[in-house]
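Colleague:
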Amino acid sequence: MRTVRVPMSRDTAESLKLGEVISITGTVITGRDEMHMRAIEYTDEGKPVPKEINNSVLYHCGPIMVREGDKWKVIAAGPTTSSRMNKLEPEIIRRFSIRAIIGKGGMSQEVLDAMKEVGCVYLAATGGTAVSLAEGLSRVTGVEWEDLGMAEAMWKFSAENLGPLIVAMDAHGNSLYEDVRKNLVRD
Amino acid sequence: MATMIKLPETIEDTVVNLLRLANTKLPVDIGWALESAAMWERNPIAYSQMGAIMDNVKKAEVLGRPMCQDTGIPIFYVRGRFDSTIAGDIERGVARATREIPMRPNTVDPITRKNPGNNLGKGMPIIHYIPTDDDFTEITVVLKGAGSENMTHLAMLNPADGVEGIEKFVVDTVLDAGGRPCPPGIVGVGIGGTSDECVAMAKRALLRKLDEENPDPELQKMEEELFIKLNSSGLGPMGLGGDTTVLAVKINTAYCHTASLPVAVNIGCWATRRASVRITDGGVEYAQGVTL
Numbered sequence: 009m010r011t012v013r014v015p016m017s018r019d020t021a022e023s024l025k026l027g028e029v030i031s032i033t034g035t036v037i038t039g040r041d042e043m044h045m046r047a048i049e050y051t052d053e054g055k056p057v058p059k060e061i062n063n064s065v066l067y068h069c070g071p072i073m074v075r076e077g078d079k080w081k082v083i084a085a086g087p088t089t090s091s092r093m094n095k096l097e098p099e100i101i102r103r104f105s106i107r108a109i110i111g112k113g114g115m116s117q118e119v120l121d122a123m124k125e126v127g128c129v130y131l132a133a134t135g136g137t138a139v140s141l142a143e144g145l146s147r148v149t150g151v152e153w154e155d156l157g158m159a160e161a162m163w164k165f166s167a168e169n170l171g172p173l174i175v176a177m178d179a180h181g182n183s184l185y186e187d188v189r190k191n192l193v194r195d
Numbered sequence: 010m011a012t013m014i015k016l017p018e019t020i021e022d023t024v025v026n027l028l029r030l031a032n033t034k035l036p037v038d039i040g041w042a043l044e045s046a047a048m049w050e051r052n053p054i055a056y057s058q059m060g061a062i063m064d065n066v067k068k069a070e071v072l073g074r075p076m077c078q079d080t081g082i083p084i085f086y087v088r089g090r091f092d093s094t095i096a097g098d099i100e101r102g103v104a105r106a107t108r109e110i111p112m113r114p115n116t117v118d119p120i121t122r123k124n125p126g127n128n129l130g131k132g133m134p135i136i137h138y139i140p141t142d143d144d145f146t147e148i149t150v151v152l153k154g155a156g157s158e159n160m161t162h163l164a165m166l167n168p169a170d171g172v173e174g175i176e177k178f179v180v181d182t183v184l185d186a187g188g189r190p191c192p193p194g195i196v197g198v199g200i201g202g203t204s205d206e207c208v209a210m211a212k213r214a215l216l217r218k219l220d221e222e223n224p225d226p227e228l229q230k231m232e233e234e235l236f237i238k239l240n241s242s243g244l245g246p247m248g249l250g251g252d253t254t255v256l257a258v259k260i261n262t263a264y265c266h267t268a269s270l271p272v273a274v275n276i277g278c279w280a281t282r283r284a285s286v287r288i289t290d291g292g293v294e295y296a297q298g299v300t301l
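Written out as structure tokens, the structure reads:
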């Protein structure tokens with residue numbers, strides 16, 4: 009399994025092949041519906057947003073976290089359904105030059121187009137494998153927008169071999185989900 | 010009805026234990042179904058997904074952690090003898106389990122999206138009551154995350170659409186959902202009743218043990234046909250392709266209006282977390298599959 013380090017260059021993102029299995033080491037941030045909405049709203053209004061969003065590896069995940077003293081501990085952190093973010097993601101990818109999205113279930117053609125434009129990949133984490141994936145996120149480096157609630161806040165991790173992740177949508181306009189969908193047998 | 014049972018633990022404690030069991034231990038029948046499906050899976054990516062799932066199931070059980078971060082919305086079914094105080098016991102159990110297990114606080118106001126932080130709020134948790142003359146109180150819980158619950162569909166078909174129409178609707182619902190409900194899972198189907206009862210039957214079907222045959226041979230045949238159709242579709246685990254799209258199809262039926270043919274599909278992800286407990290004078294017995 010290839011380990012890809014963050015920060016990830018555009019070249020690295022573009023070198024990842026459809027179906028390849030990788031793991032991620034380096035900074036990973038989480039973001040779901042509310043984080044996407046706020047990042048767009050704040051930049052529209054000229055308000056600052058956490059700098060980690062730029063060139064980030066963005067994980068569609070609402071983890072279970074517990075506070076131990078002054079530190080946060082991750083309990084469970086599997087992927088959430090990415091398609092909920094279909095409407096907002098193209099703008100997020102372009103505005104913040106996102107390098108990789110981790111999620112489950114895949115995303116729309118509009119997202120795939122934005123990914124190709126910017127040089128970004130979509131990495132499929134196995135849905136529901138929250139304990140295994142939390143192991144790769146054991147170093148919590150902070151939290152932003154905590155007022156959005158545990159699931160919707162932007163958590164920051166220093167990931168170590170987060171995976172296995174499958175390159176399910178590459179930076180060249182190809183999607184494993186689309187290949188599967190086109191060949192589905194319905195009767 | 011008076012409380013006539015002397016309990017070794019309070020019902021609130023029992024509810025916390027029940028939620029812990031459901032969250033941390035995959036029902037054995039679902040584990041077996043995953044293991045045996047992995048044996049016939051030919052697609053290497055699909056095989057890797059099932060390996061990752063089994064690995065996670067073992068870690069969750071050993072570490073006593075929720076197997077999925079989406080601990081869902083708990084839906085309770087209370088059967089047997091009980092009185093109206095049981096609703097309060099279940100509510101307190103849910104709030105405590107949210108802190109102690111912990112479960113993710115998931116419930117929000119539908120309009121303001123405000124989160125009370127304890128998985129309660131207006132209408133929560135959902136409790137269905139089935140009073141009987143039995144000498145026990147049985148509490149069953151099923152936990153469903155939003156990924157699978159958001160894929161629920163109801164169709165008010167025409168009677169002329171028949172079995173063919175029913176099967177087409179089930180296949181289309183599962184395949185159009187793609188990887189979003191975390192396949193391979195359980196397909197709960199309700200046929201008949203009224204619109205509301207049909208959707209409730211589809212969810213109740215997810216409680217049945219996977220290795221239990223449908224008592225109605227016609228429905229058993231339909232379950233098998235749909236199982237083969239769906240697993241021949243090529244959708245695969247997480248929608249990434251493969252031979253394993255569903256672990257089981259379970260159908261519940263009820264009589265319906267002569268002018269109606271309601272069909273509902275409720276998909277359970279691979280982590281369809283269920284547990285039940287039977288409280289009697291003799292003690293408290295936990296299990297992970299029940300027929301209501």
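Line order of the protein sequences matches chains A and B. In terms of our numbering, the first sequence opens at residue 9 and continues consecutively. In terms of our numbering, the second sequence opens at residue 10 and continues consecutively. The beta-carbon is built from N, C-alpha and C at its ideal position, and this holds for glycine as well.
Please compile the residues from chain B whose C-beta is within a distance smaller than 8 Å of the C-beta of K112 (chain A).
Modeller: Locating residue 112 (chain A) in the first sequence gives position 104, counting from the first residue. Those within 8 Å of K112 (chain A) in chain B are G156, G188, R189, C191 and M247.
Colleague: Suppose only complete runs of 4+ residues qualify. What are the alpha helix (DSSP H) ranges in the segment 30-90 of chain A, listed by chain order?
Modeller: Segments of the alpha helix (DSSP H) lying fully in the segment 30-90 of chain A: 41-52.
Colleague: Using the beta-carbon of each residue, which ones in chain A are nearer than 8 Å to I62 (chain B)?
Modeller: Walking along the second sequence from the start, residue 62 (chain B) turns up at place 53. Within 8 Å Cβ-Cβ: T134, G136 and T137.
Colleague: Say the cut is 6 Å; is the CB of H266 (chain B) nearer than that to a heavy atom of the ligand NAD?
Modeller: Only the bare structure without any ligand can be found here, which leaves the ligand NAD out of the picture.
Colleague: Where does T11 (chain A) fall in DSSP's three states?
Modeller: Against the first sequence, residue 11 (chain A) aligns to sequence position 3. In the structure shown, T11 (chain A) sits in a strand (DSSP, three-state: E or B).
Colleague: Does P15 (chain A) come within less than 7 Å of chain B when only Cβ atoms are used?
Modeller: In the first sequence, the residue the question calls residue 15 (chain A) occupies position 7. Judged by the 7 Å Cβ criterion, P15 (chain A) is not in contact with chain B.
Colleague: Restricting to Cα atoms, I'd like to know which of B:M247, B:G298 and B:G291 is closest to I54 (chain B).
Modeller: For the purposes of this step, residue 54 (chain B) is identified with residue 45 of the second sequence, where counting begins at 1. The shortest C-alpha separation from I54 (chain B) is found at B:M247.
Colleague: Look at A273 (chain B) and A211 (chain B) and say whether their C-beta atoms are less than 7 Å apart.
Modeller: Along the second sequence, one-based indexing puts residue 273 (chain B) at 264. Along the second sequence, one-based indexing puts residue 211 (chain B) at 202. Yes, they are a contact pair.
Colleague: Just how far apart, CA to CA, sit I237 (chain B) and A257 (chain B)?
Modeller: Taking the first residue of the second sequence as position 1, residue 237 (chain B) is located at position 228. Taking the first residue of the second sequence as position 1, residue 257 (chain B) is located at position 248. Distance between the alpha carbons of I237 (chain B) and A257 (chain B) is about 10 Å.
Colleague: Might you give, ordered along the chain, the residues of its own chain that have their beta carbon closer than 8 Å to the beta carbon of R147 (chain A), omitting 5 neighbours on each side?
Modeller: One-based indexing of the first sequence puts residue 147 (chain A) at position 139. The residues are F165, S166, A167 and E168.
Colleague: Closer than 7 Å, CB to CB, is N182 (chain A) near chain B or not?
Modeller: In the first sequence, the residue the question calls residue 182 (chain A) occupies position 174. Taking Cβ atoms only, chain B never reaches closer than 7 Å to N182 (chain A), which makes this a no.
Colleague: Could you work out which residues of chain B lie near I83 (chain A), taking near to mean beta carbons separated by less than 8 Å?
Modeller: Walking along the first sequence from the start, residue 83 (chain A) turns up at place 75. The answer, in chain order, is R74, P75, Q78 and P111.
Colleague: How long is the line joining the alpha carbons of E173 (chain B) and A155 (chain B), rounded to whole angstroms?
Modeller: Here the question's residue 173 (chain B) lines up with position 164 in the second sequence. Here the question's residue 155 (chain B) lines up with position 146 in the second sequence. Computed Cα separation, rounded: 29 Å.
Colleague: Where in the segment 180-205 of chain B do unbroken runs of the beta strand (DSSP E), each at least 3 residues long, occur, reported from the N-terminal end onward?
Modeller: Whole beta strand (DSSP E) segments, 3+ residues: 194-201.
Colleague: Does DSSP put P53 (chain B) in a helix, in a strand, or in coil?
Modeller: As a working mapping, residue 53 (chain B) is identified with position 44 in the second sequence. P53 (chain B) falls in the helix class under three-state DSSP.
Colleague: Could you check whether the Cβ of P71 (chain A) sits closer than 7 Å to any Cβ belonging to chain B?
Modeller: Working through the first sequence from its first residue, we reach residue 71 (chain A) at position 63. At least one chain B Cβ lies under 7 Å of P71 (chain A).
Colleague: How many Å lie between L159 (chain A) and D142 (chain B) at the Cα?
Modeller: In the first sequence, residue 159 (chain A) corresponds to position 151, counting from 1. In the second sequence, residue 142 (chain B) corresponds to position 133, counting from 1. Strictly speaking, residue 159 (chain A) in this sequence is Ala, with Leu absent from that position. C-alpha separation (whole angstroms): 42 Å.
Colleague: Using a C-beta cutoff of 7 Å, does E184 (chain B) count as contacting chain A?
Modeller: Indexing the second sequence from 1 puts residue 184 (chain B) at position 175. Reading off the sequence, residue 184 (chain B) comes out as Leu, not Glu. With 7 Å as the cut-off, L184 (chain B) counts as an interface residue toward chain A.
Colleague: Quick check: the Cα distance between P226 (chain B) and E233 (chain B), rounded to an integer number of angstroms?
Modeller: Counted from its first residue, the second sequence places residue 226 (chain B) at position 217. Counted from its first residue, the second sequence places residue 233 (chain B) at position 224. Approximately 11 Å, taken between the alpha carbons.
Colleague: What first and last residue would you give for the alpha helix (DSSP H) that runs through G156 (chain B)?
Modeller: Stepping through the second sequence from its first residue, residue 156 (chain B) is reached at position 147. Run containing G156 (chain B): A155 to E158, per the alpha helix (DSSP H) assignment.
Colleague: Under DSSP, the alpha helix (DSSP H) around R29 (chain B) begins and ends at which residues?
Modeller: Residue mapping note: residue 29 (chain B) aligns to position 20 of the second sequence, counting from 1. Per DSSP, R29 (chain B) belongs to the alpha helix (DSSP H) from I20 to T33.
Colleague: Among residues of its own chain, excluding the 5 on either side of R92 (chain A), which ones have a beta-carbon nearer than 7 Å to its beta-carbon?
Modeller: Numbered from 1 along the first sequence, position 84 holds the residue referred to as residue 92 (chain A). Contacts found: D41.
Colleague: To the nearest whole angstrom, what separates the beta carbons of L131 (chain A) and I109 (chain A), a pair I think is in contact under 8 Å?
Modeller: Counting from 1 along the first sequence, the entry for residue 131 (chain A) is found at position 123. Counting from 1 along the first sequence, the entry for residue 109 (chain A) is found at position 101. So it is a contact: roughly 7 Å between Cβ atoms.
Colleague: Closest Cβ-Cβ distance between G97 (chain B) and chain A: below 7 Å?
Modeller: Locating residue 97 (chain B) in the second sequence gives position 88, where the first residue counts as 1. No, G97 (chain B) lies away from the interface with chain A (no Cβ there is under 7 Å from its Cβ).
Colleague: Determine, using beta carbons only, whether G250 (chain B) and N52 (chain B) come nearer to each other than 7 Å.
Modeller: For the purposes of this step, residue 250 (chain B) is taken as residue 241 along the second sequence, with counting starting at 1. For the purposes of this step, residue 52 (chain B) is taken as residue 43 along the second sequence, with counting starting at 1. Yes, these two residues count as a Cβ contact at 7 Å.
Colleague: Output needed for L141 (chain A): all residues of its chain with C-beta closer than 7 Å, excluding positions within five of it in sequence on either side, in chain order.
Modeller: As a position in the first sequence, residue 141 (chain A) is number 133, starting the count at 1. Excluding sequence neighbours, L141 (chain A) sits near A85, G86, A133 and L170.
Colleague: Can you list, in chain order, the residues of its chain whose CB lies under 8 Å from that of W41 (chain B), leaving out five sequence neighbours each side?
Modeller: Residue numbering aside, residue 41 (chain B) sits at position 32 when the second sequence is read from its first letter. Closer than 8 Å at the Cβ level, and outside the excluded window around W41 (chain B), lie L219 and D220.
Colleague: Given a cut-off of 7 Å on the beta-carbon distance, is the pair E22 (chain A) and A179 (chain A) in contact?
Modeller: Reading the first sequence from its first residue, position 14 is the one you call residue 22 (chain A). Reading the first sequence from its first residue, position 171 is the one you call residue 179 (chain A). A contact, by the Cβ cut-off of 7 Å.
Colleague: In its own chain, which residues sit with a C-beta less than 7 Å from the C-beta of V57 (chain A), not counting the 5 before and 5 after it?
Modeller: Indexing the first sequence from 1 puts residue 57 (chain A) at position 49. Taken in chain order, the residues that qualify are A47, Y50 and T51.
Colleague: According to the neighbour-count rule (16 or more other Cβ atoms, all chains shown, within 10 Å of its Cβ), is E109 (chain B) buried or exposed?
Modeller: The residue labelled residue 109 (chain B) in the question sits at position 100 within the second sequence. Looking at its Cβ environment, which holds fewer than 16 other Cβ atoms inside 10 Å, E109 (chain B) is exposed.
Colleague: Starting from L170 (chain A) and walking both ways along the beta strand (DSSP E), at which residues does that stretch end?
Modeller: Counting from one through the first sequence, the residue named residue 170 (chain A) turns up at place 162. Its beta strand (DSSP E) spans residues M162 to M177.
Colleague: If you measure beta-carbon to beta-carbon, which residues of the segment 18-40 of chain A are closer than 8 Å to chain C?
Modeller: This model lacks chain C altogether; the protein chains it does include are A and B.
Colleague: So, is the C-beta of T89 (chain A) closer than 7 Å to a C-beta in chain B?
Modeller: Working through the first sequence from its first residue, we reach residue 89 (chain A) at position 81. So, interface residue.
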